[in-house]
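Visitor: Would you mind keeping the following structure in view while I ask a few things?
Number of protein chains: 2
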Amino acid sequence: MNSITIDCVIFGFDKGSLEVLLVQHGEGIRKGEWGLPGGWIRERESIDNAAHRLLADLTGLDSIYLEQLKAFGEPDRFPLGRVITIGYFALIKKEDYDVRAGFTASDAKWYKIADIPKLIYDHNDILDYSLEHLRNRVRQAPVGFNLLPEKFTLFELMKLYEEILGIEMDKSNFRRKILRMKLLVELDEKQKDVSHRAAKLYEFDQKIYEKLTKKGFNFEF
Amino acid sequence: MNSITIDCVIFGFDKGSLEVLLVQHGEGIRKGEWGLPGGWIRERESIDNAAHRLLADLTGLDSIYLEQLKAFGEPDRFPLGRVITIGYFALIKKEDYDVRAGFTASDAKWYKIADIPKLIYDHNDILDYSLEHLRNRVRQAPVGFNLLPEKFTLFELMKLYEEILGIEMDKSNFRRKILRMKLLVELDEKQKDVSHRAAKLYEFDQKIYEKLTKKGFNFEF
DNA sequence: ACAAAAGTGTTGACAATACACCCATGT
DNA sequence: ACATGGGTGTATTGTCAACACTTTTGT
Chain A
1 MNSITIDCVI FGFDKGSLEV LLVQHGEGIR KGEWGLPGGW IRERESIDNA AHRLLADLTG
61 LDSIYLEQLK AFGEPDRFPL GRVITIGYFA LIKKEDYDVR AGFTASDAKW YKIADIPKLI
121 YDHNDILDYS LEHLRNRVRQ APVGFNLLPE KFTLFELMKL YEEILGIEMD KSNFRRKILR
181 MKLLVELDEK QKDVSHRAAK LYEFDQKIYE KLTKKGFNFE F
Chain B
1 MNSITIDCVI FGFDKGSLEV LLVQHGEGIR KGEWGLPGGW IRERESIDNA AHRLLADLTG
61 LDSIYLEQLK AFGEPDRFPL GRVITIGYFA LIKKEDYDVR AGFTASDAKW YKIADIPKLI
121 YDHNDILDYS LEHLRNRVRQ APVGFNLLPE KFTLFELMKL YEEILGIEMD KSNFRRKILR
181 MKLLVELDEK QKDVSHRAAK LYEFDQKIYE KLTKKGFNFE F
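For the record, the sequence lines run as chains A and B. For the first sequence, the UniProt record's numbering gives the first residue as 1, with consecutive numbering after it. For the second sequence, the UniProt record's numbering gives the first residue as 1, with consecutive numbering after it.
This is how it looks when you write it as structure tokens:
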């Protein structure tokens, strides 16, 4: 017999920086310390449903990109007994969300990757694992789109990749590469109120993506 | 409070076919039916250790390639109560192993992928998920080597990829591609007792692989 | 001689990379 | 005028894919 919890690593992207949503514990000895949002699985609920429910409670959103990462279960990861946790990995479009603090969290805050504090239990390990997962995932499928607004420019997309992968890219080559994939739909719309030439906006086309994945394709940068 | 188990999908490769090791249940109502080898996690043991221990008990080997897959936890996956299972994924060099039946298994047998019967609980789902994982994994890192003997020919390696990915490849192009990666060490040895021109044997070089992964490289076929 | 796989070579199409350059817009 | 990003073009080099061909060995 063991206890099982869920912990979620929620990524967002804002002004060129990759961020993670953390919550401050509202109860117990760990009060005031930061950690990953999480909770328990209910008796008649699948693990995926539990993760969706927890995320909806915290962010008010229910159509989030969500993937199970893996289970973390070092015997001493939790001081008060054996607790195995199942890590989840979420990508959200930050501007859609009104983050509200959940029931056991007195506060929730976005942290830039470089500014992440020491977290409770093994949450830093889970976070590190997620980051690595994100870097791999983003090279295999266009999951990165889940971090951007519906409409975005090619430059914004490139900056997202640069930030996640920690590399610099060539504007012109990135443009050719991504457009050749035919995954983006060019809109009849341009940026507004920018202090430079306005760029065309693009949308991600889910249907084309699904067609391509059936055939098998790769998304290397 | 929940119960947690571990279930392992063990892949082997024999005479050009991909195979999975299944065990026959020795107890209870399900006696005689086939399933994935598995067991319980001990109180003071990490999840990975538990998986290694279970595999060692079953196969007599303790240096197996092993990866956690993910947790499976549909509320009704197990009929007698809520049990979450953590799936593991193992690759073994078949010729090294003397498979011995474990304590709760009266028999263990290798099944070709195409011949897998209906398994207990959700084990077919876990197996399907593993297969998909293997197909992805093999494209990202040279994990396939764990299924081959220490010394192998380029043709055997190609046949392994063809079988796993379900595609046909060009001998000449495969050869160039794999040799260009510099992951293989050419040995001063040749095949024996084959009814055709004997091929050079190669070895996989773990150190070169580690150097390359740090730099980031990809392994597309 | 034949079968079966080993192993080499060639070619054309396509993609990656680096870099130069002009365009539009707000300050 | 200048900074910032938008957007186009090009030349070089590398890789992929198809396939034709020669070599070696056992039956």
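Think of the CB as a built atom: it goes at the ideal place given N, C-alpha and C, for glycine as much as any other residue.
Taking the Cβ atom as the reference point for each residue, do B:Arg-77 and B:Asp-122 lie within a distance shorter than 7 Å?
Guide: Against a cut-off of 7 Å, the Cβ pair of B:Asp-122 and B:Arg-77 comes out as a contact.
Visitor: Please decide whether B:Pro-142 counts as near chain A, where near means a Cβ-Cβ distance under 7 Å.
Guide: No, because no Cβ of chain A sits closer than 7 Å to the Cβ of B:Pro-142.
Visitor: If you follow the beta strand (DSSP E) that B:Ile-6 is part of, which residue opens it and which one closes it?
Guide: It spans 3 to 14 - the beta strand (DSSP E) in which B:Ile-6 sits, taken as one unbroken run.
Visitor: Tell me which residues share the same chain as B:Leu-184 and place their Cβ nearer than 6 Å to its Cβ, disregarding the 5 neighbours each side in the sequence.
Guide: These residues qualify, in order along the chain: Tyr-202.
Visitor: By a C-beta neighbour count over all protein chains shown, 10 Å radius and 16 as the cutoff for buried, is B:Ala-105 buried or exposed?
Guide: Unreliable positioning characterises B:Ala-105 in this predicted model, as indicated by a pLDDT of 49, which lies under 50. A coordinate reading is not provided.
Visitor: Return the chain-ordered list of same chain residues with a C-beta closer than 7 Å to the C-beta of B:Tyr-65, the five sequence neighbours on each side being excluded.
Guide: If we look at B:Tyr-65 and ignore the five residues flanking it on each side, its Cβ neighbours are Ala-90, Leu-91, Val-143 and Asn-146.
Visitor: Going by the CB atoms, is the gap between B:Trp-34 and B:Leu-119 shorter than 7 Å?
Guide: Their beta carbons are under 7 Å apart, which means B:Leu-119 touches B:Trp-34 by this criterion.
Visitor: According to DSSP, what are the bridge partners of B:Gly-87?
Guide: Its beta-bridge partners are B:Asp-7 and B:Lys-70.
Visitor: Given that A:Gln-68 touches chain B, what residues does it touch there, using C-beta distances under 9 Å?
Guide: Within 9 Å Cβ-Cβ: Lys-70 and Ala-71.
Visitor: Answer with yes or no whether the minimum CB distance from B:Pro-75 to chain A is below 7 Å.
Guide: By this cut-off, B:Pro-75 is an interface position.
Visitor: So is A:Val-194 buried or exposed if we call it buried at 16+ other beta carbons inside 10 Å?
Guide: Label assigned to A:Val-194: exposed.
Visitor: How long is the line joining the alpha carbons of B:Lys-211 and B:Met-181, rounded to whole angstroms?
Guide: B:Lys-211 and B:Met-181: Cα-Cα distance of roughly 12 Å.
Visitor: Can you tell me whether B:Leu-157 is buried or exposed, with buried defined as 16 or more other CB within 10 angstroms of its CB?
Guide: Its Cβ being crowded by 16 or more others within 10 Å, B:Leu-157 is buried.
Visitor: Starting from the C-beta of A:Asp-48, find all residues in its chain whose C-beta is less than 8 Å away, skip the five residues before and the five after it, and write them out in chain order.
Guide: Correct list, in chain order: Leu-66 and Gln-68.
Visitor: Where are the alpha helix (DSSP H) runs, 4 residues long or more, that stay fully inside the segment 108 to 165 of chain B, in chain order?
Guide: The segment 108 to 165 of chain B contains these whole alpha helix (DSSP H) runs: 123 to 140 and 154 to 165.
Visitor: Tell me which residue opens and which closes the beta strand (DSSP E) that A:Tyr-97 is part of.
Guide: Segment: none, A:Tyr-97 is in no beta strand (DSSP E) and carries neither H nor E.
Visitor: Using three-state DSSP, classify A:Ser-195 as helix, strand or coil.
Guide: The answer is coil: DSSP assigns A:Ser-195 none of H, G, I, E or B.
Visitor: Should B:Thr-213 go down as buried or exposed, given a rule of 16 or more other Cβ atoms within 10 Å for buried?
Guide: The residue is exposed, with fewer than 16 neighbouring Cβ atoms inside 10 Å.
Visitor: Does DSSP put A:Ala-105 in a helix, a strand or coil?
Guide: Reliability fails at A:Ala-105, whose pLDDT of 48 lies under 50, so the model's placement of it is uncertain and the value that follows must be treated cautiously. Strand, per DSSP.
Visitor: Tell me whether B:Phe-13 is buried or exposed, calling it buried when 16 or more other Cβ atoms sit within 10 Å of its Cβ.
Guide: Classification of B:Phe-13: buried, given that the 10 Å Cβ count is 16 or more.
Visitor: Strictly below 9 Å CB to CB, what residues from chain B border A:Ser-130?
Guide: Here the premise fails: no neighbours, minimum Cβ distance about 14 Å.
Visitor: Of all Cβ atoms in chain B, is any one closer than 7 Å to the Cβ of A:Ile-86?
Guide: With 7 Å as the cut-off, A:Ile-86 counts as an interface residue toward chain B.
Visitor: How long is the line joining the alpha carbons of A:Phe-152 and B:Lys-151, rounded to whole angstroms?
Guide: Looking at the two C-alpha atoms, the distance is approximately 51 Å.
Visitor: Which whole-angstrom value is the C-beta distance of A:Thr-85 and A:Ile-6, which I expect to be below 8 Å?
Guide: The pair is a contact, with the Cβ atoms about 7 Å apart (cut-off 8 Å).
Visitor: Listing by chain order, which chain B residues have their CB less than 8 Å from the CB of A:Ser-46?
Guide: Chain B residues near A:Ser-46: Gly-73, Glu-74 and Pro-75.
Visitor: Counting only Cβ pairs nearer than 7 Å, list the residues of chain A close to B:Glu-220.
Guide: Per Cβ cutoff of 7 Å: Asn-218.
Visitor: Using the beta-carbon of each residue, which ones in chain A are nearer than 8 Å to B:Arg-30?
Guide: Those within 8 Å of B:Arg-30 in chain A number zero; the least Cβ separation is about 22 Å.
Visitor: Hey, B:Leu-21 and B:Ala-108 are a contact pair by Cβ (cut 8 Å); roughly how many whole angstroms apart?
Guide: Correct: roughly 6 Å between the Cβ atoms.
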